[in-house]
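Worksheet: one structure, shown below.
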Amino acid sequence: MNEDRSARYHRLRRRAAVGSALAGVAWLVLLASTGWGSALPAVVFIAILALGWELVSFPFTFYRNYLLDRKYGLASESGRTWLTDHLKALALGLALSEIAGLGIYASMRIAGAAWWLASAGLFAVAGLLISRVAPVLLMPIFYRFRPLDREALCQRLITLSQKAGVPVLGAFEWGLGEKTTRANAALVGAGGSRRILVSDTLLKDYSEDEIEVILAHEIAHHVHHDMWTALALETGVVAASLLAAHVVLSLNGLAPSALASLPLLALVTAAVSLLLTPLGNAWSRHNERRADRFALELTGRHDAFISAMRRLGAQNLAEPDPSRPVLWFFHTHPTIDERIAAARQ
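When we follow numbering that gives the first Met the number 0, the leftmost residue of the sequence shown carries the number 0, and every step to the right adds one.
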């Protein structure tokens with residue numbers, strides 16, 4: 000097979016992702032079919048459900064997110080650092096799983112047949128809160144940040160944000176290079192917590208024109224409120240998934256509030272979410288195309304945009320030519336070639 004390096008990298012990542020999902024599904028099927036542990040307190044049962052998924056999927060996760068990245072030159076961190084970060088993420092994920100599980104369980108007991116709608120509402124509220132606290136409390140757990148010390152570039156990026164009507168707290172250097180060779184920039188947070196992040200890997204190798212147009216793309220997402228429309232779409236997907244779970248539980252004569260129903264609930268919601276994934280990805284690609292157009296209109300730097308896309312695609316090992324099914328289920332962004340072609344027009 001004549002396959003370039005980036006295509007092979009992404010194919011192997013997808014295989015590992017599918018393997019991880021199948022291992023997790025097998026764990027849920029085991030719990031659902033045996034009812035094991037459902038007599039335990041709710042908080043303990045939810046922990047067992049989440050930790051069991053983590054245990055069976057860990058080999059695939061380690062291969063996908065560390066070994067493959069090391070092999071293809073995308074990881075700059077040691078195995079020990081990766082494991083430390085993974086344990087931090089596991090602790091956060093476990094806490095969020097407990098909150099989500101107990102929230103759903105409480106909704107079942109309080110809201111009755113409308114529990115799925117109440118749970119979706121709780122998901123939306125949680126998403127709003129996380130968008131506020133993530134840049135302040137969560138991201139510093141994993142990355143180092145410091146004020147951007149290139150005064151001219153800092154002022155240029157802040158002025159660009161103000162020009163677009165998106166005020167920011169400041170501009171910061173993002174210590175991404177300690178973990179990966181990838182390059183990136185972001186505009187994170189909302190309201191008073193909104194801030195510009197530029198990775199040290201981007202600062203090292205990219206021109207100021209390229210950095211400006213990359214940030215302009217990120218600013219576009221805030222101008223068009225893409226974060227909120229994405230949250231609304233995700234809330235709709237969650238609501239549809241939980242409604243489907245409610246119907247399946249009812250057809251099987253299971254009380255939604257019974258702990259033994261949680262593994263089946265998780266299986267049904269995961270299946271419906273998977274089926275709706277192409278919808279979310281298509282909406283995301285639409286937003287990315289619109290953000291590209293906005294960045295070009297705001298800066299007028301077509302050449303810088305094209306060179307930045309080429310360099311980011313090569314540095315981040317972007318997949319050049321995915322098949323249609325792969326694009327629908329795995330890609331939230333248009334391909335690099337499509338983005339460059341649009342910029343040339």
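Where is the CB? At the ideal position from N, CA and C, for every residue including glycine.
Looking at residue j and residue i, is the spacing between their C-beta atoms short of 8 angstroms?
| i | j | result |
| --- | --- | --- |
| T200 | A182 | yes |
| Y104 | A15 | no |
| A46 | L266 | no |
| S19 | S56 | yes |
| A189 | S283 | no |
| E53 | L95 | no |
| V212 | A125 | no |
| I210 | V167 | no |
| H223 | R309 | no |
| S260 | I218 | no |
| A151 | V187 | no |
| A317 | S5 | yes |
| L147 | E172 | yes |
| S375 | T180 | Since the displayed the chain opens at 0 and closes at 344, residue 375 lies outside it and no answer follows. |
| F122 | T234 | yes |
| T334 | P324 | no |
In the DSSP assignment, find the unbroken alpha helix (DSSP H) run with residue i in it and report its ends.
| i | result |
| --- | --- |
| A123 | W114 to V132 |
| E233 | D225 to L250 |
| E287 | L261 to T298 |
| E211 | E207 to V222 |
| M170 | Sequence check: residue 170 is Ala here, not Met. Run containing A170: none in the alpha helix (DSSP H); it sits in the beta strand (DSSP E), A170 to W173. |
| L311 | H301 to Q314 |
| W81 | G78 to A110 |
| L73 | Neither: L73 is in no alpha helix (DSSP H) and is coded neither H nor E. |
| A15 | R4 to T33 |
| K162 | E150 to K162 |
| A340 | I335 to R343 |
| R181 | Neither: R181 is in no alpha helix (DSSP H) and is coded neither H nor E. |
| P139 | M138 to F141 |
| P324 | R323 to F329 |
| V42 | A41 to F61 |
Tell me which same chain residues have a C-beta within less than 7 angstroms of the C-beta of residue i, skipping the five on either side of it?
| i | result |
| --- | --- |
| D225 | N286 |
| R292 | none |
| L264 | A244 and L248 |
| V236 | S272, L275 and G279 |
| Y8 | L67, Y71 and L316 |
| P277 | W327 and F328 |
Out of the options, which one is the CA nearest neighbour of residue i?
| i | options | result |
| --- | --- | --- |
| R155 | V246, R323, A22 and V197 | V197 |
| D204 | K178, A313 and R108 | A313 |
| G72 | G176, L95, P134 and L137 | G176 |
| K87 | Y142, L263, R343 and L21 | Y142 |
| R12 | D3, T60 and W35 | T60 |
| V165 | S192, D84 and A270 | S192 |
| Y62 | L91, V43, T33 and R10 | R10 |
| W35 | T298, P262 and W327 | P262 |
| F44 | N64, R149, L250 and E97 | E97 |
Taking the beta strand (DSSP E) that residue i belongs to, which residues open and close that run?
| i | result |
| --- | --- |
| V187 | A184 to V187 |
| S198 | R194 to S198 |
| R145 | F144 to P146 |
Which term fits residue i, buried or exposed, when burial requires 16 or more other beta carbons within 10 angstroms of its beta carbon?
| i | result |
| --- | --- |
| G23 | buried |
| A170 | buried |
| I140 | exposed |
| A303 | buried |
| N1 | The predicted position of N1 is uncertain, since its pLDDT is 46 and thus under 50; a value taken from the coordinates is nonetheless stated next. Answer is exposed; the Cβ neighbour count stays below 16. |
| G100 | buried |
| L48 | buried |
| K178 | buried |
| R79 | exposed |
| T83 | exposed |
| L39 | exposed |
| A231 | exposed |
| R300 | buried |
| V297 | The question names Val, yet the displayed sequence has Leu at residue 297. That one is buried. |
| L127 | exposed |
Considering only heavy atoms of the ligand SAM, does any lie closer than 7 angstroms to the CB of residue i?
| i | result |
| --- | --- |
| G235 | The ligand SAM is not part of this structure, which contains no ligands at all. |
Is there at least one Cβ from chain B nearer than 8 angstroms to residue i's Cβ?
| i | result |
| --- | --- |
| A243 | The structure shown contains no chain B, having only a single protein chain. |
Give me, in chain order, the residues of the same chain whose beta-carbon lies closer than 6 angstroms to that of residue i; leave out the 5 immediate sequence neighbours on both sides.
| i | result |
| --- | --- |
| T331 | N280 and S283 |
| G51 | W26 |
| L93 | A49 |
| D336 | none |
Could you pull out every residue in the same chain whose Cβ sits closer than 8 angstroms to the Cβ of residue i, ignoring the five residues on either side in sequence?
| i | result |
| --- | --- |
| H245 | A112, W114, W115 and P255 |
| T268 | V237, S240, L241, A243 and A244 |
| I305 | I339, A342 and R343 |
| A257 | S37 |
| I157 | V167, G169, A170 and I195 |
| L91 | L137 and I140 |
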